[in-house]
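So the structure is just underneath, and the comments pick up after that.
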Amino acid sequence: MTFPPKIVLGKYKLHEKISTDCDSFVYSATAAPRSRRRSKDQGHAPHQKDQTAESVVVKLAHPAVRRTQSQIKHELEMYKHLSGSAAIVKLLDHSRDCLVLERGISDLKTLIEKQPDRRFSLKTALMFGAEMLRNFRDVHDRGFIWRKLKPADILFMGWPKRCTYEASKPGRVGHDDWSMTSDDSSAGSPTVRPWPAQYVPPPPDFEAYINFKWGEDGAVFTQTLTYGFEVTTEKKEARVVGNHGAFCIIDLASGIVFIDKNRNHYDYAENSEHRNYYSEFASVTQHLKVQSSRRDDIESLLYLLVKLILGDLPWSHPPLLTGPYSRSITEKYILSCKLHFPSAETKAKLPPEIIEIIEKVQTLQFDERPDYEEYMELLKKCYDKEEFRIDGVFDF
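Under the numbering used here, the letters of the sequence shown match residues 27 to 422, in that order.
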C-alpha cells in the first residue's frame, strides 16, 4: 500500500504536505464532492454534485509507527476531552491513525515571518495575549494542559462571523446603530444603550449575541467577545459557547489531563519523563524536569508575547556549539537566561503591565490556578493606556 494514500476515509483528497512530526504527517486536503439524489420535482437528473469543496487539514500517523505507540490515539482522546471548547480547532472526522481538522487562515509562525523585524505592534500583541489567555483558561478549567507551546501550533482563524453567548434573555447587537435592544414586551418600550465611543463596529456580516438582564434602569448587558478582550459594561459575565475566537491551538499530542475524575490535581513530581517541549518557550520548571502544570502554559505564553513585542528573546540566539555536549550546554544557557528574566534591560522595553503579569506568574505554586481574569485585566489596562481602539484590526 502506498503512503500517503490519495484519498483518506473515503472522502478527503490529500494535497501538499504542510509539516512532518516524529510520528505523523500533516497534509492540506479537501472534502471530496458528495453526490446527492435530486427529488423528482427538481428535474430528471438522478444525481447532483456539491460544487464547494471544504478545505481541511489531515494528520496521518507514520506507517512505520505501531498503532500502540502512535500519538494519534492520544491526541484523539484529547480532542474528545476538549470537545466544544472555543480554544481548539474542530475535529471533523477521525480513524485509528488519522485526524481530520478544521483549517485556519494561517499559523502564527508564518504570520510572524511576514512582519517587518519579525515582530507585532503592541496593539496586535495585546489582542493576541488576551485571546490566548482566554483559550488557556478554557482548556485548563477542563483539566487539560498543553505543555508544548510554539507559534507553528497556534492558528489564526479570523474573527467568527457569528458568536453565540449563554444568555438569560436573547439580545442582539444590530449593525445599523450598534446598540442593544430587547424584545421583552413585559419591560415596556425597549431600552437602547449605545456602544462606548472607543469601540468600532465590526463588519456588516458580523453578528454578536450578548448576555443581559432586565433591571429597573433598563437593560444591563455584557459584551464578552469584543475582539479579544472581555469588556464588561455592568458586573455580569457571559461566556462564548461553541465558537472559536481569532486564535486556536492545535497539536494536542503533548497535552495531558492533569486532574482525576474527582477533579483532584495530580501530584508534584521531579525527573519528569516528558521531554517534548520547545526550548525557546519552555518554562523554567520544564527545563528542570519538573512535572508540568497550568503555570507552565502561562509562562510559555508570556515568553511568546514578549517575543511578539520585542522581536526576540534574550535566549533566542544561543552560541553555536558543536560536539556531543552542545545540546546540553545550549539548554543550560537558555535556562540561565530564563532564571534572570526579565532583566533590567528587558523591563525598560516592555509595558509595566506585562512585567507585572510575568512576576505574578513566576510566583505561582505547582497546583495553583493562574488568575487569568487579573492578567487579562492588566492587558486591557495597557491597551486603554495606549488609547488603542478596539476595532479587531491586526497587523496582518
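Positions of the beta carbon are idealized from the N, C-alpha and C atoms, including for glycine.
Restricting to Cα atoms, I'd like to know which of Ile44, Arg415, Leu328, Phe367 is closest to Ser132. Ile44
Can you tell me whether DSSP reads Asp47 as helix, strand or coil? coil
Leaving aside the five residues before and after Ile33 along the sequence, list all residues of the same chain whose C-beta is less than 6 Å from its C-beta, in chain order. Take Ile33, set aside five residues on each side of it, and the residues of its chain with a beta-carbon closer than 6 Å to its own are Lys39, in chain order.
In terms of residue numbering, what span does the alpha helix (DSSP H) encompassing Ala156 cover? 148 to 167
Can you tell me whether DSSP reads Leu86 as helix, strand or coil? strand
Can you name, in chain order, every residue of its own chain whose Cβ lies under 6 Å from the Cβ of Tyr401, other than the five neighbours on each side? Leu159, Ile383
State yes or no: is the C-beta of His107 within less than 8 Å of the C-beta of Val283? yes
Would Thr389 be called buried (16 or more neighbouring beta carbons within 10 Å of its own) or exposed? exposed
Inter-residue Cα distance where the pair is Asp323 and Arg168: 14 Å
Determine the closest residue to Tyr294 out of Gln312, Tyr303, Asp286, Val316, with distance taken between C-alpha atoms. Measuring from the Cα of Tyr294, the nearest candidate turns out to be Val316.
By DSSP, does Thr56 sit in helix, in strand, or in coil? strand
So what's Ser352 in DSSP terms, helix, strand or just coil? helix
Test item: CB-CB of Ile138 and Ile275 under 8 Å: no
Once DSSP output is grouped into helix, strand and coil, what is the label at Ile114? strand
Is Trp172 near Gly281, with beta carbons less than 8 Å apart? yes
Can you give me the Cβ contacts of Ser215 inside the same chain, cut-off strictly under 7 Å, excluding the 5 residues immediately before and after it? Note on Ser215: pLDDT 39, under 50, position unreliable in the model; the coordinate value appears next. Here the set comprises nothing.
Around the C-beta of Lys187, are 16 or more other C-beta atoms found within 10 angstroms, so that it is buried, or is it exposed? Any reading at Lys187 must be qualified, since the residue scores a pLDDT of 42, below 50, and its modelled position is unreliable; no value is offered.
Taking the C-alpha atoms as reference points, what is the distance between Pro31 and Lys140? 33 Å
Whether Ile98 touches Asp123 by CB criterion (8 Å): yes
Exposed or buried, Ala374, counting other C-beta atoms within 10 Å across all chains shown (16 or more means buried)? Ala374 comes out exposed.
Cβ separation of Leu365 and Thr356, assumed to be a contact under 8 Å, to the nearest whole Å: Contact flag wrong, Cβ pair sits at about 15 Å.
Just the Cα atoms here: how many angstroms apart are Lys386 and Tyr409? 19 Å
By DSSP, does Val419 sit in helix, in strand, or in coil? coil
Sort out for me which residues DSSP pairs Ile180 with in a bridge. Ile275
How would you label Phe29, buried or exposed, when you count the other beta carbons within 10 angstroms and need 16 or more for buried? Phe29 counts as exposed, since fewer than 16 other C-beta atoms from the protein chains shown sit within 10 angstroms of its C-beta.
Can you name the start and end residues of the alpha helix (DSSP H) that Glu379 belongs to? 378 to 388
Mapping DSSP to helix, strand and coil, what is Val316? In the structure shown, Val316 sits in coil (DSSP, three-state: anything other than H, G, I, E or B).
For Leu330, the residue or residues it bridges with in DSSP: Answer by DSSP bridge pairing: none, since Leu330 is not bridged.
Have a look at Phe451 and Ile285 and give me their C-alpha separation to the nearest angstrom. Because residue 451 is not part of the residues shown, which for the chain are 27 to 422, the question remains open.
Tell me whether Arg198 is buried or exposed, calling it buried when 16 or more other Cβ atoms sit within 10 Å of its Cβ. Reliability fails at Arg198, whose pLDDT of 37 lies under 50, so the model's placement of it is uncertain and no value is given.
Would Pro345 and Cys363 be called neighbours here (beta carbons separated by less than 8 Å)? no
From which residue to which residue does the beta strand (DSSP E) around Pro339 run? Looking at the sequence provided, one finds Leu at residue 339 rather than Pro. It is not in any beta strand (DSSP E) - Leu339 carries neither H nor E in the DSSP assignment.
If the criterion is Cβ atoms closer than 8 Å, does the pair Gly184 and Ala272 meet it? yes
Only counting the same chain, and skipping five residues up and downstream in sequence, which positions put a Cβ closer than 8 Å to that of Thr56? Tyr38, Lys39, His41, Ala79, Glu80, Ser81, Val82
Residue from Glu306, His166, Arg321 with nearest C-alpha to His343: Glu306
What is the DSSP secondary structure of Tyr253, reduced to helix, strand or coil? Any reading at Tyr253 must be qualified, since the residue scores a pLDDT of 46, below 50, and its modelled position is unreliable; no value is offered.
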